[in-house]
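Here's the structure we're looking at; comments come further down.
Numbering (my numbering), first residue to last: 287 to 424.
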């Protein structure tokens with residue numbers, strides 16, 4: 287795929303047997319999952335917290351938000367850029383990182399846009415669901 291000035295780079299990752307992506311601008315880093323400390327009475331999407339170089343990082347399971355069956359345990363964490371004024375980091379528990387790709391936002395099918403879905407990206411081997419990080423985190 288050739289890259290044009292309007293292209294956006296996205297991080298493609300796997301949850302269960304499906305591919306998802308988010309704008310790479312939201313990604314701070316990708317790390318291996320460490321021991322999580324559960325938070326009693328927290329939102330069901332919150333798996334717990336982990337220490338990431340002295341910063342408390344809240345770990346969210348996007349599978350719960352996207353209503354996916356959970357047959358696998360994610361071993362990777364995508365740490366997202368902190369929103370202005372927020373303390374601590376937020377990370378998503380994912381099954382695997384696939385790749386970083388450039389896509390043309392004009393070619394994104396937005397007819398399926400919903401609360402947590404920005405659109406669908408077509409690829410040779412199927413579809414990639416483009417998710418909205420702000421909807422997964424809240």
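Glycine included, each C-beta is placed from N, C-alpha and C at the ideal position.
Just the C-alpha distance for residue i and residue j, rounded to the nearest angstrom, thanks.
i, j, result
"residue 418", "residue 340", "27 angstroms"
"residue 335", "residue 311", "23 angstroms"
"residue 296", "residue 389", "7 angstroms"
"residue 355", "residue 420", "22 angstroms"
"residue 412", "residue 292", "23 angstroms"
"residue 368", "residue 377", "10 angstroms"
"residue 303", "residue 358", "10 angstroms"
"residue 288", "residue 327", "Low per-residue confidence applies at residue 288: pLDDT is 48, beneath 50, and the placement is therefore not dependable enough to give any value."
"residue 404", "residue 415", "8 angstroms"
"residue 319", "residue 294", "27 angstroms"
"residue 317", "residue 395", "30 angstroms"
"residue 344", "residue 422", "13 angstroms"
"residue 346", "residue 309", "18 angstroms"
Under three-state DSSP, which class holds residue i?
i, result
"residue 367", "coil"
"residue 298", "strand"
"residue 404", "strand"
"residue 350", "helix"
"residue 417", "strand"
"residue 425", "One cannot answer for residue 425 here, as it falls past the ends of the chain, which runs 287 to 424."
For residue i, list the residues DSSP reports as bridge partners.
i, result
"residue 315", "365"
"residue 343", "336 and 375"
"residue 412", "409"
"residue 305", "300"
"residue 385", "298"
"residue 323", "335"
Can you name, in chain order, every residue of its own chain whose Cβ lies under 7 angstroms from the Cβ of residue i, other than the five neighbours on each side?
i, result
"residue 384", "298, 299, 300 and 305"
Could you name the residues of the same chain whose beta carbon sits closer than 6 angstroms to that of residue i, not counting the 5 residues immediately before and after it, in chain order?
i, result
"residue 399", "405"
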